[in-house]
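Engineer:
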Amino acid sequence: MVVNWQNNNPANPADAANGPQDYDNHLYCGFGGVAHDNELAYLIHLCNLDRIAKDAAMGNCPLFFGEWSLTRQFNATDEFLKTWADAQKYVYGQDKGWIFWNFKVELTTEHYFERPPRATCTSYFEGLRRGYLTQDPAAYHNLDVARSAPRPPP
Numbered sequence: 001m002v003v004n005w006q007n008n009n010p011a012n013p014a015d016a017a018n019g020p021q022d023y024d025n026h027l028y029c030g031f032g033g034v035a036h037d038n039e040l041a042y043l044i045h046l047c048n049l050d051r052i053a054k055d056a057a058m059g060n061c062p063l064f065f066g067e068w069s070l071t072r073q074f075n076a077t078d079e080f081l082k083t084w085a086d087a088q089k090y091v092y093g094q095d096k097g098w099i100f101w102n103f104k105v106e107l108t109t110e111h112y113f114e115r116p117p118r119a120t121c122t123s124y125f126e127g128l129r130r131g132y133l134t135q136d137p138a139a140y141h142n143l144d145v146a147r148s149a150p151r152p153p154p
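If you're matching positions, the sequence shown starts at 1 in the numbering used here and goes up one per residue.
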């Protein structure tokens, strides 16, 4: 785990490397406290991350992002979920790559009462079925969305 993800002035795992290492980073944007609960704030936060550069400066590379999903703390349009997926794939793919949360999450009765339903956010296959994710994981609906990311206000 990268040193920047740990608390209380931890030791840097790169200092104890004994052979090749890969580093995993999990950014849970959908569990609150990361950005204001709206589409623009989420995109500004994600598309202006400096985590890859900071981790590389600490020797914590190559870095990949695990357990990302389409979760968020607000209701979103289908169009935003496509944009949110593209932006995350683009940002998380700038180093070693990414791993989506899960391939398949079963829809159960309890999921029908969740807003938004968990399976639509954390299941790659459900994201494909709904058109949020692309059949080819390396493809994008609109790559320009992530490349021309909104900047935070001054």
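A virtual CB, placed ideally from N, CA and C, is assigned to each residue, including glycine. All values derive from a computational prediction rather than experimental measurement.
With DSSP run on the structure shown, which of helix, strand or coil describes Gly59?
Structural biologist: Along the sequence shown, read from residue 1 onward, the residue named residue 59 stands at position 59. Three-state result, Gly59: coil.
Engineer: So if DSSP puts Tyr23 in a beta bridge, which residue, or which two residues, is it bridged to?
Structural biologist: On the sequence shown, position 23 is the one that residue 23 refers to. According to DSSP, which records beta bridges pairwise, Tyr23 is partnered with Leu63.
Engineer: So if DSSP puts Asn102 in a beta bridge, which residue, or which two residues, is it bridged to?
Structural biologist: Within the sequence shown, residue 102 is the residue found at index 102, counting from 1. Asn102 is bridged to Ser123.
Engineer: In angstroms, rounded to a whole number, what distance separates the CA positions of Asp22 and Thr83?
Structural biologist: Mapped onto the sequence shown, residue 22 falls at position 22. Mapped onto the sequence shown, residue 83 falls at position 83. Asp22 and Thr83: Cα-Cα distance of roughly 28 Å.
Engineer: Could you check whether Ala87 and Val145 sit closer than 8 Å to each other, using their CB atoms as the reference points?
Structural biologist: For the purposes of this step, residue 145 is taken as the residue at position 145 of the sequence shown. For the purposes of this step, residue 87 is taken as the residue at position 87 of the sequence shown. Contact: yes.
Engineer: Using three-state DSSP, classify Gly93 as helix, strand or coil.
Structural biologist: The residue you call residue 93 lines up with position 93 of the sequence shown. If DSSP states are grouped into helix, strand and coil, Gly93 belongs with coil.
Engineer: Please report the straight-line C-alpha distance between Pro20 and Asn60, rounded to a whole angstrom.
Structural biologist: Here residue 20 is taken as the residue at index 20 of the sequence shown, counted from 1. Here residue 60 is taken as the residue at index 60 of the sequence shown, counted from 1. C-alpha separation (whole angstroms): 11 Å.
Engineer: Just mark Ser123 as buried or exposed, buried being the case when its beta carbon has 16 or more other beta carbons within 10 Å.
Structural biologist: To locate residue 123, count along the sequence shown from 1; it is residue 123. Ser123 should be labelled buried.
Engineer: For Trp84, which beta-bridge partners are listed by DSSP?
Structural biologist: Here residue 84 refers to the residue found at position 84 when the sequence shown is read from its first residue. Answer by DSSP bridge pairing: none, since Trp84 is not bridged.
Engineer: Using C-beta distances below 8 Å, list every residue in its chain close to Gly131, excluding the 5 sequence neighbours before and after it, in chain order.
Structural biologist: One-based indexing of the sequence shown puts residue 131 at position 131. Excluding the 5 residues flanking it on each side, Gly131 has same chain C-beta neighbours closer than 8 Å at Asp78 and Lys82, in chain order.
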